[in-house]
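According to the numbering used here, numbering within the sequence shown proceeds without interruption in unit steps and concludes at 624.
A virtual CB, placed ideally from N, CA and C, is assigned to each residue, including glycine.
Since we're looking at a predicted model, the values are computed, not measured.
What follows is one structure encoded as structure tokens, with my remarks underneath.
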Amino acid sequence: MSGVRLPDGFLEELKDRVKLSDVIGRKTKLKKQGKSWVGLSPFTNEKTPSFYVHDAEGYYKCFSSGQGGDIIKFIQETERLGFMEAVEKLADMAGMAMPQAAPEDREAYDRRTRLLDVSEAACTFFEDQLRSSEGAAARSYLAGRGLGPESWGRYRLGYAPDDWRKTIDRLKAHGFALDEIVEAGLAVQKDGGGDPYDRFRGRVIFPIEDSRGAVIAFGGRALEPDAKPKYLNSSDSPLFHKSKVLYRYKAAREALGGSDAPGLIVCEGYMDVIALCEAGIGYAVAPLGTALTEDQLGLLWRAAPEPVLCFDGDAAGLRAAYRSIDRALPFLSPQKQLFFTMLPEGLDPDDLIRQRGKSEMTKRLKDAAPLVDILWARERDLEPLDTPERQAGLEARLNSAANAIEHSGVKAAYTQALRNRARDYFWALRREGRGTPARGPGPTGGPLKSDCNAAGLGNILQVLDNPGLLDLGREELALANFADQDVNAIRDAILDLSDYESEVDQTSVHRHLVTTGNTRAAQLLTSFTRKPHIDPDGHKAREWLTALERFAADDDSGAAEAAVDEGEAEWADTWRRLHQRTAERRAYRARLNEAAEKSDQS
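Structure follows, in structure tokens:
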């Protein structure tokens, strides 16, 4: 019974009467291990047991999901119940009578029940209206988004008629009082008095549910293109506080439990969530018109430790990602992480799936960038870093961000990682004649590029087998601009290590790329199959290396020195030709794009 005030000692007695391992053993098979029990997690699809139950201490711990708590928390998590509902269920198991509610508690409980009833009645009314003659425009809009009757039912979509009192009149006919309809957020009472009017009019309706699946509020999408606002949510009520709720949270948690995903996906709006669900990615949620709050982050981490925030790739999406960073930093821990994927500019999840397919969306989610990547990109790009003062400013901002993290271990790891990135970036800036260095994946966190300049990468990687060749044609290599920025990043890493007299081999280059945030380039380096050889054209290579060896052994013959000179010219010419071919390809692509644009305009 909700609203009951529990007397002192009631919960302690309840926990004493019900054995934790007995309750949990009904959900997952447990095996005795010393004084504890161990089994497969009921929260994730793990293969190796990492779920521990401690009867003596009265708590459980799931290391695969990071969740843990007492017997009441377990019932809440596994059966999607509120606190008092879980207590009632355990009291029934233990044969204990629940204490009676005080009159004021019973009144509050009854009031909440009535508000839930009026919300459910409104949801059913909106569903019926979508299928009526008045819902034709709403059905047309949904059909344009690829949603038919089966999808309407799956998400309980509806339509609020374009009338000032039709919803009120229908709910009153079902026995609900006007003040209940207003309190539930379905009608608006004017400040100056007068009759209340329907809050939602002429809109497609999206029901908003609580963590148990009860309808507590609504979101409405305008059908008129110039309507303000485009999206309208219920106002806060005794049932609904928009900062504490995520759209489709209960359904997403259930879908997450049947997947191998590391966390929920957070989109920007209702239709983004539905588009992912229709594509078979059912563990998506959305905040309700606001930036993510602490309570909403808590919901995400309660479901799983590694949620992915999916934002549109425009300026507004980037600002939303940056706000989420600041909100999340204090709470980061080994069990509370955050990842980001930024979609191509102008595309939301629905557009991306329609235009490029589910596989593209899945890959972007899989390749989501960790929070540290987005934080680094934000601070690095805030201002030019061309003076010692500005570089000091970057270091101060990075230190401030790391210091916001409360978990000491994560704080230390962030401090070191950000310090390393800044150091390597400043090294690259100081490199003579290089200009601004190639940057890592930044906020996109996208997949490896399909147009990789494999020939250019193969030529660059020759120096890993023959480091002595690096200085031959070094200037041309540094200035070459390859079609794929990941190839440029690998080239930059080799030059960075060489500049500071570090060992240059595949392992050191890979480590440098990871440290500086160029994760895609590091993936490309490890995935590229190379055959050690010298000089891409081949016809001068062996003579050249032999001459180098003789020159290094202090061979005084003029032939050796001449061969080295000839080899240096050959190597430099290789990079000049690569640079020229790159420029030609880019010019050709530009002409193709120009022709395509003219064709579209004609």
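- The stretch 167 to 206 contains, as complete alpha helix (DSSP H) runs of 4+ residues, the segments 171 to 177, 188 to 195 and 200 to 205 (chain order).
- For residue 231, the enclosing beta strand (DSSP E) stretches over residues 225 to 231.
- Residue 392 has 361 as its beta-bridge partners, per DSSP.
- Excluding sequence positions up to five before and after residue 445, its CB lies less than 6 Å from no other CB in the same chain.
- At the C-beta level, residue 539 and residue 372 stay beyond 8 Å of one another.
- The beta carbon of residue 313 is closer than 8 Å to those of 342, 345, 346 and 349 in its chain, skipping five residues each way along the sequence.
- Relative to the Cα of residue 400, the nearest Cα in the group 340, 184, 479 and 154 belongs to 340.
- Close CB contacts of residue 178 within its chain, under the 7 Å cut and outside five residues either way in sequence, are with 145, 149 and 229 (chain order).
- The count of Cβ pairs closer than 8 Å, one atom from the stretch 84 to 92 and one from the stretch 266 to 280, stays below three, leaving the stretches out of contact.
- Assignment of beta-bridge partners to residue 55 by DSSP yields 58.
- For the options 325, 113, 173 and 287, the alpha carbon positioned closest to that of residue 64 is the one of 325.
- Cβ-Cβ separation between residue 451 and residue 407: approximately 6 Å, consistent with a contact (criterion under 8 Å).
- With respect to the C-alpha of residue 256, the residue from 440, 240 and 134 having the closest C-alpha is 240.
- Inclusion of residue 308 and residue 292 in the CB contact set at 8 Å is warranted, their separation being smaller than that value.
- Listed in chain order, the non-local C-beta contacts of residue 448 below 7 Å within the same chain comprise 413, local neighbours out to five positions each way being set aside.
- Under the DSSP assignment, residue 368 falls outside any beta strand (DSSP E); it carries neither an H nor an E label.
- In terms of Cα proximity to residue 173, the closest of 61, 299 and 87 is 299.
- Taking a contact as a CB-CB distance under 8 Å, the pair residue 42 and residue 80 counts as one, their CB atoms being some 6 Å apart.
- Residue 437 and residue 389 have their alpha carbons spaced roughly 24 Å apart.
- Nearest in C-alpha terms to residue 244, of all of 204, 222 and 155, is 222.
- In the displayed model, residue 306 falls within a strand according to three-state DSSP.
- When DSSP assignments are scanned along the stretch 393 to 427, the uninterrupted stretches of alpha helix (DSSP H) that are 4 or more residues long and fall wholly within it turn out to be 393 to 402 and 410 to 425.
- Around the beta carbon of residue 358, a 10 Å sphere encloses 16 or more other beta carbons of the protein chains shown; the residue is thus reported as buried.
- Looking from the CA of residue 112, the closest CA among 330, 38 and 432 belongs to 38.
- Residue 299: not part of any beta strand (DSSP E); member of the alpha helix (DSSP H) spanning 292 to 300, first to last residue.
- Membership of residue 532 in any beta strand (DSSP E) is not indicated; the residue belongs instead to the alpha helix (DSSP H) covering 528 to 537.
- Under the DSSP assignment, residue 253 falls in the beta strand (DSSP E) whose first and last residues are 253 to 255.
- For residue 153, no alpha helix (DSSP H) segment is defined, and its DSSP state is neither H nor E.
- Per DSSP, the beta-bridge partners of residue 239 are 230.
- Excluding sequence positions up to five before and after residue 208, its CB lies within less than 8 Å of the CB of 140, 141, 144, 189, 190, 193, 220, 221, 222, 240 and 256, all in the same chain and listed in chain order.
- By the beta-carbon neighbour count (other beta carbons within 10 angstroms, threshold 16), residue 529 is exposed.
- With a beta-carbon spacing of about 11 Å, residue 303 and residue 330 fall beyond the 8 Å limit used to define contacts.
- In this structure, DSSP gives residue 75 an extended state, which the three-state scheme calls strand.
- Apart from the 5 residues on each side of it in sequence, residue 232 sits with its Cβ closer than 6 Å to the Cβ of 238 in its chain, given in chain order.
- In the three-state scheme derived from DSSP, where H, G and I count as helix and E and B as strand, residue 331 is classed as strand.
- Residue pairing from DSSP leaves residue 43 without any beta-bridge partner.
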